[in-house]
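Heads up, the thing below is written out as structure tokens.
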Amino acid sequence: MGEMAVPEPDTAVVIPAKDEADRIGVTVTAALKLPGVDLVVVVDDGSSDETGRVARAAGARVVRHSRNRGKAAAMESGAEAVRLLDEDQPRHLLFLDADLGETAAAALPLIEPVRAGEADMTIAKFATRVKLGGHGIVVRVARDGIKRLTGWEATQPLNGQRCLTRAAFEAARPLAHGFGVETGMTVDLLRKGFRVVEAEVEMSHRATGTDWRSQLHRAKQLRDVGLALAAREPAVDQARSALRPPRR
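In this text, residue positions in the sequence shown follow my numbering: the first is 1201, and each later residue adds one.
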């Protein structure tokens, strides 16, 4: 039996990261092992630790925000960095979380449907579910909102591990603010007729705790998801259109 052909490089990994010096190096190393990945861009989103230095040492290109600007802004900066490095053919964009560690190497099922032209965006379904204290409320709000607005039911609507074509990413811009980015992206692409599929992966990241910082994080998530959905409600869209000044 012959060896499996390694695909030509066609995919870039973008990793938003804040204060992840302890895990970013392992995550970058694992991501660089993915077949067809020849570029990893880490967006150091206002870290106060050595995230950027560790990522660079592991082989990533690093974009730094001098202050924390949030996940959506980091995703935009990373995608723009990839665009500047793209040549004739734009790379697919694989977004991964900084704390995946070695499990980032298991992201191939996200890339393959996009690479094969079977999907415009894939969303990860983690095969191993970690217990998420209080996280279920935010997931339910996102899932119900996406279904109400598009008719599509997502298993893990907040999962940030996603692979998109460049065309799909551009169609999803401007991205929803902060933690609403995944929900907004899913709604916008489905409404524009892009093909969105879920892919099961053997990946995992840190479980969300139940301390006050974790509770605050979830409150911000809930706020941002709610804002992303509200902005996409038909009644809100119509009101916003009515308030726009007429073009001269």
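Glycine included, every Cβ here is placed at the ideal spot set by N, Cα and C. Note that this is a predicted model, so its numbers are computed, not measured.
Simplified DSSP assignment, three categories, for M1321 = DSSP places M1321 in the strand class (E or B) of the three-state scheme.
Using the Cα positions of K1233 and P1434, report the straight-line distance between them to the nearest angstrom.
-> Spanning the two alpha carbons is a distance of roughly 43 Å.
Inspect the CB distances between the stretch 1211–1223 and the stretch 1282–1298 and report whether three or more fall short of 8 Å.
-> Contact between the stretch 1211–1223 and the stretch 1282–1298 is present, because at least three Cβ pairs lie under 8 Å.
Measuring CA to CA, which of A1304, T1386 and F1394 is closest to P1235?
-> Measuring from the Cα of P1235, the nearest candidate turns out to be A1304.
Hey, out of D1245, F1379 and R1315, whose CA is closest to V1341's CA?
-> The residue with the shortest Cα to Cα distance from V1341 is F1379.
Rounded to whole angstroms, what's the CA-CA distance from A1274 to V1226? Just pull it up for me.
-> Answer to the nearest angstrom: the Cα atoms are 20 Å apart.
In the DSSP assignment, find the unbroken alpha helix (DSSP H) run with H1417 in it and report its ends.
-> Note, H1417: alpha helix (DSSP H), W1412 to A1431.
Which one of P1209, L1284 and A1298 has the shortest CA to CA distance from D1222?
-> The shortest Cα separation from D1222 among P1209, L1284 and A1298 belongs to A1298.
Thinking just about the alpha-carbon of each residue, which of P1207, N1268 and L1389 is nearest to the one in G1451?
-> The chain is shown from 1201 up to 1448; residue 1451 falls before or after that span and cannot be answered.
Taking all protein chains shown into account, decide if S1277 is buried (16 or more other Cβ within 10 angstroms of its Cβ) or exposed.
-> When all chains shown are included, S1277 counts as buried.
Spell out the partners DSSP gives T1251 in its beta bridges.
-> BP columns for T1251 are empty, so no partner.
Same chain, Cβ closer than 6 Å to A1428, five either side skipped, listed in chain order = Around A1428: A1376, G1380, T1383 and G1384.
Going by DSSP, name the residue or residues bridged to T1383.
-> Among the bridge pairs identified by DSSP, T1383 is matched with none.
Just curious, the beta strand (DSSP E) that T1211 is in, first and last residue?
-> Element bounds for T1211: T1211 to A1217.
By Cβ distance, which residues of its chain are closer than 8 Å to D1244, with the 5 residues on each side in sequence left out?
-> The beta carbon of D1244 sits closer than 8 Å to those of A1217, K1218, T1251, G1252, A1255, V1262, V1263, R1264 and H1265, all from its chain and outside the five residues before and after it, given in chain order.
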